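Enquirer: Chains A and B are the protein sequences, given in the same order. Residue numbering for the first sequence follows the UniProt record's numbering, starting at 1 and increasing by one per position. Residue numbering for the second sequence follows the UniProt record's numbering, starting at 1 and increasing by one per position. Glycine residues also receive a C-beta, built at the ideal position from the N, C-alpha and C atoms. Everything numeric in this text was worked out from a predicted model, so none of it was measured.
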Amino acid sequence: MLLDRTQSPSFQAIHEVRLPAVQSTTLANGLPVHLVSVHQQPVMRIECIFDAGTWYENGQAGAAFFAMKMLAEGTAGHSSAQISEYFDRYGAFLELNAGPDRCSVVVYCLTRHLADVLPMVKEMLTEPVFPEKEFEDLRNITLQNLRVNLEKNAYVAGVLFRENLFGKAHPYGRTQRPEVVEQITRTDIAGHFDRTIRNRPFQVLLAGHVTEAEVALVDHYFGSMTFAGAVTDTEALPERTTSQPVILAEKAESLQSSIRMGRRLFTRDHPDFFPMLVTNELLGGYFGSRLMKNIREEKGFTYGISSNLISFRHEGYFLIGTDVKKEFTQQTLDETRKEIRRLQTELVPADELETVKNFMAGEFVGSLNTPFEIADRYKLILLDGLPTDFLTNYVANIRSVSAETIAQMATRYLTETDLIEVVVGGK
Amino acid sequence: MIHYEQFTLDNGLRVYVHEDASTPIAAVNILYNVGSRDEDPQRTGFAHLFEHLMFGGSKHIPSYDEPLQRVGGENNAFTSPDITNYYITLPAANIETAFWLESDRMLSLSFDPQVLEVQQKVVIEEFNQRYLNQPYGDAWLKLRPLAYQQHPYRWATIGKDISHIAEATLDDVKSFFFRYYLPNNAILVVAGNVTVEQVKQLCAKWFAPIPAGKPYLRSLPKEPVQTEARRLETSAAVPLNALYKAYHMPGRYEPGFQAADLLSDMLGRSKSSRLYQTLVRDTPLFNNLSAYITASLDPGLLVIQGTLNEGVTLEEANAAVEAVVNELIDQPVPDDELAKVKNQAESTLAFSEVELLNRAMNLAFAANAGDAELVNTEAEKIQAVTPDTIQAMARQVLRPENCSTLFYRAETTTA
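Structure (structure tokens):
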């Protein structure tokens, strides 16, 4: 039989997701330990996660970032150089993260080195000394990096967008500004640590080749720590101000403009989250999206354009972003608005909707491929308080979105006058 | 350890299967044995432009992406100086779609002039976005031709000059395709929730009918041994001075590669490395400073790269880096320092095998280099490195005459 290459092979739509369970236990001192156990390579990740992100900074911008970075810069028992040397010696990789909501100490290591790594993690969490010289070095490095970043249109556009969206004083709106970095003191940073990390409860998430033996190790090192209550004193949020509808930062020498458009939206627990997720995907969420087809594949204005729903613990937002050849900036803005209007006024054809749903289902399954990815997904349930069936119902929730709902979503949430615009470059 | 089975089709396509029933997905990786090193010096950037064209429709299938998205699959590709690599991940149940799509574009592209025209623009914007509109984005465009004077690694994968991309014709596209995009110039790796038997059947159905082409025999000019230190200065409106130093070193699968790799780790992999401890922490001449390798198949580069703190001259910084480098030539490395970088390398290797797609790619790279088993001997080779081999490698690679140095000066602006 001659092969007919014009006919696509038959396929199955994904309807359900097999997910290794997360096992949670609580140590005698109240410390929650979660385990995502997938036994393949002999490696693991341990995360210690605190409510200590910018949300908990009490107005002191930069405190969370510096407090976390300084944990590896000196403890009662070890110098900065000794701490880096210590992790490197075991081939362990340390990450110190400060996010909008949470801060975390993360170590990737061979499972057999967990026992070596844990005492140092504990020392960093309990006995950091925030040495002055290391702090000044870090401040200097941060300032210099910031100066390089502020030369990048995409970085500047992101800063202007978030400041404009939430307000410069809002914990989600403020960014690392040189004047803030110059002024922050060692006392501010140690203060943030004392208030949000020292003796505060945290969550331990183990993923990879991990068993009860690793939980026992965590218990051995962390089980005797004592905790005060959770952080409760968060700053009063600033008055919600109206965003400027259009911001243009001219950069005469730029070849490209960096464009950001978007608005405040909701978090993952909102009833419209899944319908809006599908709407976003159609518009700019994947390579086959309408914006990508129009702006890149038909017109060649850009290397890429995308849209996203971003969800923090307390607020979320919608964002469209691209870097385009400067002379096509206005045309890109116009075409983007045109694509949004099309979503509002024309029902999405059935085959396009089916494609996007199948793609999202496949992408979801494909994003659960390593123990670390699975653990990251479970964080939504463990930390953001989403219902336990959030992941298991994910595909079904996407499948249930209709073309009519998408038009409603686009009309309800993507009204032209609600979307702010930031351009760095020119138009 | 990555287990696999191998077979070869009559048309020369080499196929590797890595079974992993623990995942619901499959990865399909096709490596074409062509990279920017194979380009005509007058038509650079072509292998990469071509990678874009591979998504513009094939002989029987007008759109590549849409049918794949429809079955829940994702794909991407990259071009390096050595190879062009295409990959798909999708639900394992739908793996035949990947065979259908990949075999049709191996058979023939659609050669649509409209696709060429748009992708030329897209690649020019990629050039602008990554190389011209970024601080220091053009450093490698300057560094390559300094370090390589004969070998085609002297131009970047994106191309030597944007005009080469703008001037590409459909005839260029066709001749490139029929010269390199052949079953006998490719490696197919299928990994994940599949069986060898299933892959054999699918290969017989979709790939076996594609005719073999004239074998591509690579014959590239060898880069002569560098005998004199090279220096280039450039400047741009960047905030800080930057220093780049590139030393020739063995290719990815040549003897001595692991020793040179570990040498670069000691110099500047992490915060406990020599360069960081000495010149970022103790005497802070640099704001950041690191060392890494290009890991190319033909002899590659060990690169030291950093941005300077304000008020530090490039001359002063360069001399300080050379002093740290010279210690590795003059003195044997302590055992515990070697043990440290070996542990880092062992750990990196283990983590690189966590992701299914990475396992598939690692297998494809090794097979393309001549022996898939190379993927499983890496750990042994790392462990076999001794302080003596490190010092011998330091003497071979870190000689001043083997180095190309780029001074990237910050132009003072009034802003």
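Below 8 Å, can you find three or more Cβ-Cβ pairs linking the stretch 322-339 of chain B to the stretch 174-190 of chain A?
Expert: Result no; under three Cβ-Cβ pairs closer than 8 Å.
Enquirer: Determine the burial state of histidine 151(B): buried for a count of at least 16 other Cβ atoms within 10 Å of its Cβ, exposed for fewer.
Expert: With 16 or more other Cβ atoms within 10 Å, it is buried.
Enquirer: Going by DSSP, name the residue or residues bridged to isoleucine 320(A).
Expert: Answer is Met261(A) and Ser307(A), bridged to isoleucine 320(A).
Enquirer: Excluding the 5 residues preceding and the 5 following asparagine 309(B) in the sequence, name in chain order all residues of the same chain whose CB lies nearer than 8 Å to its CB.
Expert: The answer, listed in chain order, is Leu240, Pro284, Leu285, Phe286 and Asn287.
Enquirer: Identify whether isoleucine 30(B) lies in helix, strand or coil by the three-state DSSP scheme.
Expert: It is a strand residue.
Enquirer: Let me know the secondary structure DSSP gives phenylalanine 111(B) once reduced to three states.
Expert: Of the three classes helix, strand and coil, the one that applies to phenylalanine 111(B) here is coil, per DSSP.
Enquirer: Give me, in chain order, the residues of the same chain whose beta-carbon lies closer than 8 Å to that of asparagine 358(B); leave out the 5 immediate sequence neighbours on both sides.
Expert: Correct list, in chain order: Ser352.
Enquirer: On the three-state DSSP scale, how would you describe valine 17(A)?
Expert: Reduced to three states, the DSSP call for valine 17(A) is coil.
Enquirer: Quick check on residue 490(B): buried or exposed, where buried means 16 or more other Cβ atoms within 10 Å of its Cβ?
Expert: Outside the displayed range of chain B (1 to 415) lies residue 490(B), so it cannot be described from this structure.
Enquirer: Starting from proline 91(B), trace the beta strand (DSSP E) both ways and give me its first and last residue.
Expert: Proline 91(B) -> beta strand (DSSP E) spans 84-91.
Enquirer: By how many angstroms is the C-alpha of alanine 154(A) removed from the C-alpha of serine 258(A)?
Expert: Approximately 5 Å, taken between the alpha carbons.
Enquirer: Which residues mark the beginning and the end of the beta strand (DSSP E) in which lysine 245(B) is found?
Expert: Start and end: 242-249.
Enquirer: So what's asparagine 133(B) in DSSP terms, helix, strand or just coil?
Expert: Asparagine 133(B) falls in the coil class under three-state DSSP.
Enquirer: From residue 484(A) to isoleucine 25(B), what does the alpha carbon distance come to, in whole angstroms?
Expert: No statement about residue 484(A) is possible, as the shown extent of chain A runs from 1 to 427 and does not include it.
Enquirer: Listed from N- to C-terminal order along the chain, which residues in the stretch 62-76 of chain B have their beta-carbon within a distance smaller than 7 Å of any beta-carbon of chain A?
Expert: Cβ contacts with chain A come from Asp65, Glu66, Pro67, Gln69, Arg70, Val71, Gly72, Gly73 and Glu74.
Enquirer: For the beta strand (DSSP E) containing glutamine 23(A), list its first residue and its last residue.
Expert: Start and end: 22-26.
Enquirer: Would you grab the beta carbon distance between valine 354(B) and alanine 366(B) for me? Rounded to a whole angstrom, and I think it's under 8 Å.
Expert: That belief does not hold up - the Cβ atoms of valine 354(B) and alanine 366(B) are roughly 18 Å apart, past 8 Å.
Enquirer: Taking the alpha-carbon of alanine 319(B) as reference, which of Phe407(B), Pro62(B) and Leu31(B) has the nearest alpha-carbon?
Expert: When each option's Cα is compared against that of alanine 319(B), the closest is Phe407(B).
Enquirer: Counting along the chain, where does the alpha helix (DSSP H) carrying histidine 39(A) start and finish?
Expert: That residue, histidine 39(A), is in no alpha helix (DSSP H); it is neither H nor E in DSSP.
Enquirer: Tryptophan 100(B) CB to nearest chain A CB: under 8 Å?
Expert: Yes, tryptophan 100(B) lies at the interface with chain A (some Cβ there is under 8 Å from its Cβ).
Enquirer: Residue 435(A) touches chain B at which residues, Cβ-Cβ below 7 Å?
Expert: Because chain A in this structure spans residues 1 to 427, residue 435(A) falls outside the shown range and cannot be described.
Enquirer: Give the residues of chain A in contact with valine 190(B), contact being defined as C-beta atoms less than 7 Å apart.
Expert: Per Cβ cutoff of 7 Å: no residues; valine 190(B) is ~15 Å from chain A at best.
Enquirer: Going by beta carbon distance, what residues of the same chain come within less than 6 Å of histidine 39(A), once the five residues before and after it are set aside?
Expert: Closer than 6 Å at the Cβ level, and outside the excluded window around histidine 39(A), lie His209.
Enquirer: By the 10 Å Cβ neighbour count, where 16 or more other Cβ atoms means buried, how is proline 41(B) classified, buried or exposed?
Expert: Result: exposed.
Enquirer: Suppose you measure from the CA of isoleucine 187(B) to the CA of proline 42(A); what does that come to, to the nearest Å?
Expert: Going from the Cα of isoleucine 187(B) to the Cα of proline 42(A) covers about 29 Å.
Enquirer: Given this structure, state the Cα-to-Cα distance separating glycine 158(A) from leucine 165(A), to the nearest angstrom.
Expert: Answer to the nearest angstrom: the Cα atoms are 10 Å apart.
Enquirer: Taking the straight line between their C-alpha atoms, what separation do you get for serine 58(B) and alanine 204(B)?
Expert: About 20 Å.
Enquirer: Looking only at its chain, what residues have a beta carbon closer than 6 Å to the beta carbon of proline 128(A), apart from the 5 residues adjacent to it on each side?
Expert: Result list for proline 128(A): Leu71 and Thr75, in chain order.
Enquirer: Under DSSP, the alpha helix (DSSP H) around glutamine 344(B) begins and ends at which residues?
Expert: Run containing glutamine 344(B): 335-352, per the alpha helix (DSSP H) assignment.
Enquirer: Tell me which residues of the stretch 349-366 of chain B have at least one Cβ-Cβ distance to chain A shorter than 7 Å, keeping chain order.
Expert: Hits within the stretch, in order: Ala350, Phe351, Glu353, Val354, Glu355 and Leu356.
Enquirer: Please report how far the alpha carbon of glycine 137(B) lies from the alpha carbon of tyrosine 131(B), in whole angstroms.
Expert: One C-alpha to the other measures close to 4 Å.
Enquirer: Is it a yes or a no for the stretch 241-248 of chain B touching the stretch 389-405 of chain B, going by three-plus beta-carbon pairs under 8 Å?
Expert: Segments in contact, yes.
Enquirer: Just checking my contact of proline 387(B) with aspartate 335(B) at CB under 8 Å: how many whole Å lie between their CB atoms?
Expert: Indeed they touch by this definition, with Cβ atoms about 7 Å apart.
Enquirer: If glutamate 117(B) and threonine 79(B) are in contact, beta carbons under 8 Å, what's the gap, nearest whole angstrom?
Expert: Not quite, the Cβ-Cβ distance comes to about 20 Å (not below 8 Å), so this is no contact.
Enquirer: Excluding the 5 residues preceding and the 5 following arginine 290(A) in the sequence, name in chain order all residues of the same chain whose CB lies nearer than 8 Å to its CB.
Expert: Closer than 8 Å at the Cβ level, and outside the excluded window around arginine 290(A), lie Leu282, Leu283, Gly284, Glu339, Arg342 and Leu343.
Enquirer: In the DSSP assignment, find the unbroken alpha helix (DSSP H) run with histidine 192(A) in it and report its ends.
Expert: Note, histidine 192(A): alpha helix (DSSP H), 186-196.
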